[in-house]
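Take 224 as the starting number for the sequence shown in our numbering and just add one per residue. Backbone N, C-alpha and C define an ideal beta-carbon position, used for all residues, glycine too. Computed from a predicted structure; not experimentally measured. To start, the structure itself, in structure tokens.
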Amino acid sequence: MSTNSTLLETLPEDSWTGDFAPDTVSRATAALEGGQVLYFPHLAFRLEEAEQPLLSESVGDGKSKNISFDPARGILRGAAEDVAVSRALHGVLDRFAKQARALVSGALPGYKDHLEWGLTSYRPARVEGRVTSWRKDDTRLHVDAFPSRPTRGRRILRVFANLGESGRVWHLGEAFEAVAGRFAPAARLPLPGSAWILETLRIVKGRRSAFDHVMIQIHDRMKADQGYQEQAIREQAEFPPGSAWIVFTDQVSHAALSGQFALEQTFFVPITALAKQETAPLRVLEKTLGRGLV
Ligand code: SIN
Ligand code: FE
């Protein structure tokens with residue numbers, strides 16, 4: 224077997240529910256907040272027999288890259304117009320959302336009462352060979368930032384699981400402190416009033432803080448910088464079939480190299496719930512730029 228990335232913290236659990244031992248909780252929390260990926264090689268998300276046909280690209284509407292589900296409202300988007308398919312997708316995404324929340328609550332109990340639902344997504348398309356604009360190209364190293372959904376410093380915590388026989392390969396790049404030092408100083412701060420305009424015109428859900436403004440530029444500048452994409456240090460991380468992983472994608476530089484049929488759940492975590500706030504992108508950027516950003 225090939226050696227996997229040193230940025231993975233491996234956990235042997237094979238169940239999505241249940242509490243973790245206290246020493247595992249502290250190890251998992253420190254690893255995650257320190258910029259590692261919590262990797263569960265034996266944590267399979269299982270499809271029922273009747274759900275197996277969902278392992279096909281044709282379950283999507285052909286327009287959206289992913290099928291998304293809003294667990295807070297129970298709304299499914301991007302599914303093909305077929306009652307049986309959308310009902311099955313609804314069932315799988317709802318179940319995955321609940322299991323992902325149970326996993327995070329068990330492994331990271333400090334976050335449990337503070338987790339805010341983001342979207343659930345099913346990614347049936349093959350990662351490799353997908354043609355997109357550079358800004359949407361997740362095969363380039365980047366940290367996540369949402370242009371239309373400001374976090375105002377909250378963390379982006381994501382749970383991924385492979386489905387069926389699919390594995391996924393990522394690259395993991397340099398630490399966030401290094402990314403911030405390289406890309407943040409050149410970022411422009413928002414013009415006074417621009418956040419109000421974006422919110423009022425409903426281009427953006429809620430008000431975009433200076434933090435969001437800087438994070439979006441870091442995301443774009445990383446992806447647009449061809450020299451950086453070719454030269455930045457990275458490690459390959461392999462997530463085989465039947466595995467799952469948890470990662471702060473606002474902090475960990477990542478690129479998806481290959482894979483198909485993955486589920487993903489996003490949570491927002493306020494930085495007051497972290498064991499160590501100083502590792503949060505908000506705090507790192509405030510330190511790098513020498514000013515408050517929210
Ligand atoms: C990403 O957040 O960059 C996408 C990762 C993936 O789909 O594997
Ligand atoms: Fe990403």
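Check: Shortest alpha-carbon distance to R457 belongs to which of R363, R358, A403?
Finding: To locate residue 457, count along the sequence shown from 1; it is residue 234. Of the listed residues, the one whose Cα sits closest to R457 is R363.
Next item on the list: Excluding the 5 residues preceding and the 5 following A251 in the sequence, name in chain order all residues of the same chain whose CB lies nearer than 8 Å to its CB.
Entry: Here residue 251 refers to the residue found at position 28 when the sequence shown is read from its first residue. In the same chain as A251, and ignoring 5 residues on each side of it, the C-beta atoms closer than 8 Å to its own belong to E232, L234, F243, L261, A330, L331, in chain order.
Next item on the list: Would you tell me roughly how many angstroms separate the C-alpha atoms of E501 and G285, rounded to the nearest one?
Entry: Locating residue 501 in the sequence shown gives position 278, counting from the first residue. Locating residue 285 in the sequence shown gives position 62, counting from the first residue. Straight-line Cα distance between these residues: approximately 42 Å.
Next item on the list: Check whether the Cβ of H442 lies closer than 7 Å to any heavy atom of the ligand SIN, and answer yes or no.
Entry: Taking the sequence shown and counting its residues from 1, one reaches residue 442 at position 219. In this structure, H442 has its beta carbon at no less than 7 Å from each heavy atom of the ligand SIN.
Note to self: Measuring straight from C-alpha to C-alpha, what distance separates A433 and V517?
What the structure shows: Taking the first residue of the sequence shown as 1, we reach residue 433 at position 210. Taking the first residue of the sequence shown as 1, we reach residue 517 at position 294. Their Cα atoms are separated by approximately 6 Å.
Note to self: Please report the straight-line C-alpha distance between V303 and S309, rounded to a whole angstrom.
What the structure shows: Counted from its first residue, the sequence shown places residue 303 at position 80. Counted from its first residue, the sequence shown places residue 309 at position 86. The residue asked about is misnamed: residue 303 is Ala in this sequence, not Val. Whole-angstrom Cα-Cα distance: 7 Å.
Item checked: For D367, three-class secondary structure by DSSP -> Numbered from 1 along the sequence shown, position 144 holds the residue referred to as residue 367. In the three-state reduction of the DSSP assignment, D367 falls in the coil class, being assigned neither a helical nor a strand state.
Margin query: Which of the three DSSP states is assigned to H358 in this structure?
Written below: Mapped onto the sequence shown, residue 358 falls at position 135. For clarity, residue 358 is Arg in the given sequence; the question names His instead. DSSP places R358 in helix when its eight states are reduced to three.
Check: Relative to the alpha-carbon of H555, which residue among E453, H337, D317, F319 has its alpha-carbon at the smallest distance?
Finding: Outside the shown range of the chain (224 to 517) lies residue 555, about which nothing can therefore be said.
Notebook entry, point to check: Taking C-beta to C-beta, are V492 and H394 nearer than 8 Å?
Noted result: In the sequence shown, the residue the question calls residue 492 occupies position 269. In the sequence shown, the residue the question calls residue 394 occupies position 171. Against a cut-off of 8 Å, the Cβ pair of H394 and V492 comes out as no contact.
Notebook entry, point to check: What are the boundary residues of the alpha helix (DSSP H) that includes Q454?
Noted result: For the purposes of this step, residue 454 is taken as the residue at position 231 of the sequence shown. Note, Q454: alpha helix (DSSP H), 449-454.
Item checked: Secondary structure of D435, DSSP reduced to three states -> Indexing the sequence shown from 1 puts residue 435 at position 212. It is helical.
Notebook entry, point to check: Nearest CA to the CA of V507: which residue from E236, P245, E256, R358?
Noted result: Numbered from its first residue, the sequence shown carries residue 507 at position 284. Here the closest residue by C-alpha is E256.
Next item on the list: To the nearest angstrom, report how far apart A171 and K499 are at their CA atoms.
Entry: The first residue shown for the chain is 224 and the last is 517, placing residue 171 beyond what the model contains.
Notebook entry, point to check: Quick one: Cα of V475 to Cα of T489, how far?
Noted result: The residue labelled residue 475 in the question sits at position 252 within the sequence shown. The residue labelled residue 489 in the question sits at position 266 within the sequence shown. One Cα belongs to V475, the other to T489, and the distance between them is close to 15 Å.
Notebook entry, point to check: Would DSSP call R405 helix, strand or coil?
Noted result: Residue numbering aside, residue 405 sits at position 182 when the sequence shown is read from its first letter. R405 falls in the helix class under three-state DSSP.
Note to self: Can you look up V260 in the DSSP assignment and give me helix, strand or coil?
What the structure shows: Here residue 260 refers to the residue found at position 37 of the sequence shown. In the structure shown, V260 falls within a strand segment according to DSSP collapsed to helix, strand and coil.
Notebook entry, point to check: Would you say H365 touches the ligand FE, meaning its beta carbon is less than 7 Å from a heavy atom?
Noted result: If you number the sequence shown from 1, residue 365 lands on position 142. Yes, Cβ of H365 sits closer than 7 Å to a heavy atom of the ligand FE.
Note to self: Bridge partners for D293 per DSSP, in chain order?
What the structure shows: As a working note, residue 293 is residue 70 in the sequence shown. Residue pairing by DSSP places D293 opposite I298 in a beta bridge.
Check: Which one or two residues does DSSP pair with R346 in a beta bridge?
Finding: Reading the sequence shown from its first residue, position 123 is the one you call residue 346. Checking the DSSP bridge columns, you'll see R346 partnered with A485.
Margin query: On the criterion of 16 or more Cβ atoms from any shown chain inside 10 Å, does K428 qualify as buried, or is it exposed?
Written below: Working through the sequence shown from its first residue, we reach residue 428 at position 205. K428 sits exposed, since fewer than 16 C-beta atoms from the chains shown fall within 10 Å of its C-beta.
Margin query: Just verifying my parser: in three-state terms, what is the DSSP assignment at H337?
Written below: In the sequence shown, counting from the first residue as 1, residue 337 sits at position 114. Helix.
Check: Secondary structure at G513, three-state DSSP: helix, strand or coil?
Finding: Numbered from its first residue, the sequence shown carries residue 513 at position 290. G513 carries a coil assignment under DSSP once its states are collapsed to helix, strand and coil.
Next item on the list: Provide the residue span of the alpha helix (DSSP H) that contains R353, from first to last.
Entry: Here residue 353 is taken as the residue at index 130 of the sequence shown, counted from 1. Counting along the chain, no alpha helix (DSSP H) covers R353, and no H or E run does either.
Margin query: Using only the alpha-carbon positions, how far apart do F369 and M438 sit?
Written below: Here the question's residue 369 lines up with position 146 in the sequence shown. Here the question's residue 438 lines up with position 215 in the sequence shown. Their backbone Cα atoms lie some 9 Å apart in a straight line.
Check: Does DSSP put I420 in a helix, in a strand, or in coil?
Finding: Taking the first residue of the sequence shown as 1, we reach residue 420 at position 197. The three-state secondary structure of I420, taken from DSSP, is helix.
Next item on the list: For R411, name the three-state secondary structure that DSSP assigns.
Entry: For the purposes of this step, residue 411 is taken as residue 188 along the sequence shown, with counting starting at 1. Three-state DSSP puts R411 in coil, outside helix and strand.
Item checked: Rounded separation between P245 and G333 - CA only -> Locating residue 245 in the sequence shown gives position 22, counting from the first residue. Locating residue 333 in the sequence shown gives position 110, counting from the first residue. Between the alpha carbons of P245 and G333 lies a distance of about 11 Å.
Margin query: Can you give me the C-alpha to C-alpha distance between R377 and A503, rounded to a whole angstrom?
Written below: As a first step, residue 377 must be located in the sequence shown, where it is residue number 154. As a first step, residue 503 must be located in the sequence shown, where it is residue number 280. If you draw a straight line from the Cα of R377 to the Cα of A503, it is about 9 Å long.
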